[in-house]
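What follows is a short report on a single structure.
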Amino acid sequence: MFDPAPLAARLLRARREATCIPCPAPGFAPPDEAGAYAVQDLVAAALGPVHGWKVGASGPGATPSAAPLHAATIFTGDTALPPGLCRFHGIEGEIAWQLGRDLPAACSMDELRAAVTALHPVIEIVDTRFCRPASQAPLAHLADQGSHGALIVGPAFTNWQDFDAEAETVRVELNGRLHVETPTRNAAGDTLRLLLWLAAHAAGRGHPLRKGDIITTGSLTGAPFVEPRTVARVAFSTLGEVTATIP
């Protein structure tokens with residue numbers, strides 16, 4: 133039987149001591165998603181209040197995966213990240229949903245749509261407590277809060293019912309230079325289906341979706357890793373823009 137405690141302890145120690153994990157020792161790596169989520173839950177209990185989630189899927193019919201986001205890693209508006217918060221800085225342009233009311237585990241699509249207050253342009257900073265990004269089996273990175281470092285939340289787009297993802301584009305600029313410009317096509321398809329799945333998933337883990345939660349839905353732009361003192365700007369054609377300054 134997999135024990136999530138040793139890997140959770142190593143992940144927490146890496147955060148606390150600003151060290152990294154070369155590779156999980158034999159028996160430390162989770163054997164399945166349930167094991168990865170058990171590690172996440174132990175880390176979440178130590179890190180403090182959950183104020184959001186990241187959720188995504190590899191295709192429209194694929195089962196989603198998720199990780200809780202904590203108050204200490206969520207920033208509002210253009211942000212200069214605190215030194216030492218992240219070891220690595222991968223820049224992902226994403227779209228996040230914000231809730232204006234609590235959601236039950238078994239909510240309907242109508243209940244979900246009524247609960248949404250806004251869409252936001254966001255930058256997720258990809259980080260890892262392992263010594264190199266993407267160096268481990270996917271389940272190990274899922275256990276590591278899905279390689280989450282920070283979330284920088286841009287302005288609210290409250291007229292979200294009229295948002296046309298098919299017509300939207302997003303660009304990433306690094307130090308004023310265009311890195312990528314692309315249509316906002318999410319691999320998961322309709323991201324509201326991710327939120328429906330997440331409502332049940334999060335409640336089953338003891339963190340039901342609450343008023344004010346911010347839920348980001350996966351990268352639209354890839355994840356270029358950048359050097360210190362980089363200014364990263366993510367700009368959508370109608371949704372708005374947000375900037376992160378890397379220490």
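Residues 133 to 379 in the working numbering are what the sequence shown spells out, letter by letter. The beta carbon of each residue, even a glycine, is placed where N, CA and C say it ideally should be. Predicted model only: the values in this text are computed from it and were never measured.
Handout entry: In DSSP terms, what W329 is bridged to
Key = Walking along the sequence shown from the start, residue 329 turns up at place 197. Paired residues: none, contrary to the question.
Practice task
Could you tell me the distance, in whole angstroms, from the CA atom of S190 to the CA atom of R264?
Solution key: For the purposes of this step, residue 190 is taken as the residue at position 58 of the sequence shown. For the purposes of this step, residue 264 is taken as the residue at position 132 of the sequence shown. Distance between the alpha carbons of S190 and R264 is about 22 Å.
Exercise for the section: Please go through the same chain and pick out, in chain order, the residues whose beta-carbon is closer than 6 Å to the beta-carbon of I257, but skip the five residues on each side of it. Expected result: By 1-based counting over the sequence shown, the position of residue 257 is 125. So the list reads C218, H221, G281, A282, once near-sequence residues are dropped.
Handout entry: Alpha carbon of R337 to alpha carbon of A176, nearest angstrom
Key = Counting from one through the sequence shown, the residue named residue 337 turns up at place 205. Counting from one through the sequence shown, the residue named residue 176 turns up at place 44. Distance between the alpha carbons of R337 and A176: 11 Å.
Problem - Alpha-carbon to alpha-carbon, H183 and R233 - result: Within the sequence shown, numbered from 1, the residue matching residue 233 stands at position 101. Within the sequence shown, numbered from 1, the residue matching residue 183 stands at position 51. One C-alpha to the other measures close to 13 Å.
Problem - As assigned by DSSP and simplified to three states, the class of S279 - result: For this step, residue 279 is matched to residue 147 along the sequence shown. Note: S279 maps to helix in three-state DSSP.
Problem - Same chain, Cβ closer than 6 Å to F160, five either side skipped, listed in chain order - result: Sequence index remark: in the sequence shown, residue 160 carries index 28 (1-based). Excluding positions up to five away in sequence, the list reads P138, L139.
Practice task
Measure from the alpha carbon of D242 to the alpha carbon of each residue in L328, E373, V312, then state which is nearest.
Solution key: In the sequence shown, the residue the question calls residue 242 occupies position 110. Among L328, E373, V312, the Cα nearest to that of D242 is on L328.
Handout entry: Reduced DSSP secondary structure (H/G/I, E/B, other) of L235
Key = Position 103 of the sequence shown, counting from 1, holds the residue named residue 235. Residue state, collapsed to three classes: coil.
Exercise for the section: Name the two residues that bound the continuous beta strand (DSSP E) containing V312. Expected result: As a first step, residue 312 is located in the sequence shown; it is residue number 180 there, counting from the start. Here the beta strand (DSSP E) through V312 covers 309-315.
Handout entry: Residue nearest to L274 in terms of C-alpha spacing, selected from C152, A141, A166
Key = Numbered from its first residue, the sequence shown carries residue 274 at position 142. It is A166.
Practice task
Note the first and the last residue of the continuous alpha helix (DSSP H) segment covering A166.
Solution key: Here residue 166 refers to the residue found at position 34 when the sequence shown is read from its first residue. Segment 165-179, the alpha helix (DSSP H) holding A166.
Exercise for the section: Could you pull out every unbroken beta strand (DSSP E) segment of at least 3 residues lying fully inside the stretch 194-233, listed in chain order? Expected result: 197-202, 206-208, 222-231
Problem - Limits of the alpha helix (DSSP H) - the one that P138 falls within - result: Taking the sequence shown and counting its residues from 1, one reaches residue 138 at position 6. That run of the alpha helix (DSSP H) goes 137-149.
Exercise for the section: In the DSSP assignment, find the alpha helix (DSSP H) that holds A297 and state where it starts and stops. Expected result: Taking the sequence shown and counting its residues from 1, one reaches residue 297 at position 165. Per DSSP, A297 belongs to no alpha helix (DSSP H) and is neither H nor E.
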